[in-house]
Amino acid sequence: MRYDILNDEAWQQASHKEKQHDDFGIEGDAVQAAVGLNAAGAGQIAGAGGALRVAADSQVPVLRIESRILVIRGQKVMIDADLAALYGVPTKRLNEQVKRNAERFPADFMFQLTAEEKAEVVANCDHLAKLKFSKVLPVAFTEHGAIQASNVLASPQAVEMGVYVVRAFVRLREALTSTKELAAKLDALEQKTELLSLQHETFAGNTRAQLKQVFEALRQLMAQPPEPPKQPIGFVTTEDKSGKPRAAKGKA
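Note that our numbering gives residue 430 to position 114 of the sequence shown, counting from 1, and the numbers run on in steps of one.
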């Protein structure tokens, strides 16, 4: 596979150990100084789209490498151009070494992007915009594939940078795990909130019904009682209390 990002002149200069910065801004001499440094060492991170600067008293910032890790087909991967730049070789050489050691790169270590995936990567990653003009589809390396690529290249820079790649993948995996745990807690909290809301609405509805009954009873108590029927004055001879006439006692 031919997928060249760095030109031949840049590769020749790198091979002569001149201080040429790749996409990550790693200086050839500084890589050797980074060997053995603690992972907690402070590194300077340039702004978005800026390059890393690795001095003799610092390390390659893992956080910067994390920004090169993408999620494609549900897997966390690094594009071959980014990985080659990190390891200090042209993309063409990286892919050639991978082809020569194909048995060491099973399907879960790497895969080639489709045209649609390439277009999406180019559209969303400014630093990979130059891939738009390449006719070759890029290759994506998973965490294990990235480490295997470091092993097959076997250069001091590739071996050393492979350590930082592992750390970057681990940090990202831990961050995603924490995010999932937080999301689960938020979902549980939301469900509890909805349950409490329903209970409150039920309580409020029952309370309103009870208050309505109380008010109705109060209104009934406050209403004036009906006047009692008036008793007739005098003797009742032909009508009873209901006002109906009595049957007259006549002769047979």
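C-beta: ideal position from N, C-alpha, C; glycine also.
Cβ-Cβ distance between residue i and residue j below 7 Å
| i | j | result |
| --- | --- | --- |
| isoleucine 385 | methionine 394 | yes |
| alanine 484 | glutamate 419 | no |
| glutamine 640 | valine 405 | Past the edges of the chain, shown from 317 to 568, lies residue 640, and the structure says nothing about it. |
| leucine 469 | glutamine 507 | no |
| alanine 500 | tyrosine 403 | no |
| serine 466 | glycine 478 | yes |
For residue j and residue i, the rounded distance between their alpha carbons
| i | j | result |
| --- | --- | --- |
| glutamate 517 | glutamate 490 | 41 Å |
| arginine 573 | arginine 409 | In the structure as shown, the chain starts at 317 and stops at 568, and residue 573 therefore has no counterpart that could be examined. |
| lysine 448 | alanine 435 | 7 Å |
| methionine 426 | alanine 504 | 37 Å |
| lysine 392 | proline 472 | 25 Å |
| glutamine 529 | leucine 502 | 41 Å |
| alanine 439 | leucine 498 | 30 Å |
| alanine 520 | leucine 514 | 10 Å |
| phenylalanine 531 | threonine 509 | 32 Å |
| isoleucine 361 | arginine 380 | Residue placement at isoleucine 361 is flagged as unreliable, the pLDDT there being 30, under the threshold of 50; the coordinate-derived value follows with that caveat. Their Cα atoms are separated by approximately 7 Å. |
| valine 437 | asparagine 411 | 19 Å |
| glutamine 536 | arginine 524 | 18 Å |
| leucine 511 | leucine 527 | 24 Å |
| lysine 496 | asparagine 522 | 39 Å |
| cysteine 441 | glutamate 433 | 12 Å |
| alanine 401 | lysine 446 | 14 Å |
| phenylalanine 421 | leucine 492 | 26 Å |
Residue i - DSSP class collapsed to helix/strand/coil
| i | result |
| --- | --- |
| phenylalanine 457 | strand |
| leucine 505 | helix |
| phenylalanine 427 | strand |
| valine 393 | strand |
| lysine 446 | helix |
| lysine 528 | helix |
| asparagine 411 | helix |
| valine 482 | helix |
| glycine 521 | helix |
| alanine 470 | coil |
| asparagine 417 | coil |
| aspartate 320 | Per-residue confidence for aspartate 320 stands at a pLDDT of 36, beneath the threshold of 50, marking its modelled position as unreliable; the derived number appears in the next sentence. Here aspartate 320 sits in coil by DSSP. |
| lysine 434 | helix |
| valine 475 | helix |
| valine 378 | helix |
| lysine 496 | helix |
| serine 513 | helix |
Reference residue i; option with closest CA among the options
| i | options | result |
| --- | --- | --- |
| glycine 390 | Gln526, Phe457, Asn411, Ile381 | Phe457 |
| leucine 444 | Ala525, Leu527, Arg487, Thr407 | Thr407 |
| leucine 399 | Tyr480, Asp424, Ser450 | Tyr480 |
| alanine 462 | Glu510, Glu476, Lys496 | Glu476 |
| serine 450 | Ala520, Leu512, Ala431 | Ala431 |
| glutamine 464 | Ala423, Asn522, Leu514, Glu532 | Ala423 |
| arginine 487 | Thr509, Leu511, Glu459, Glu510 | Glu459 |
| aspartate 396 | Arg380, Ala525, Leu453, Leu379 | Leu453 |
| valine 257 | Leu534, Val482, Cys441, Lys496 | For residue 257 there is no data in the structure shown, the boundaries of the chain being 317 and 568. |
Strand pairing of residue i, partner residues [DSSP]
| i | result |
| --- | --- |
| valine 387 | Lys392 |
Heavy atom of the ligand PLP within 6 Å of residue i beta-carbon
| i | result |
| --- | --- |
| leucine 469 | Judged by which ligands are present, the structure shown has none, so any question about the ligand PLP falls away. |
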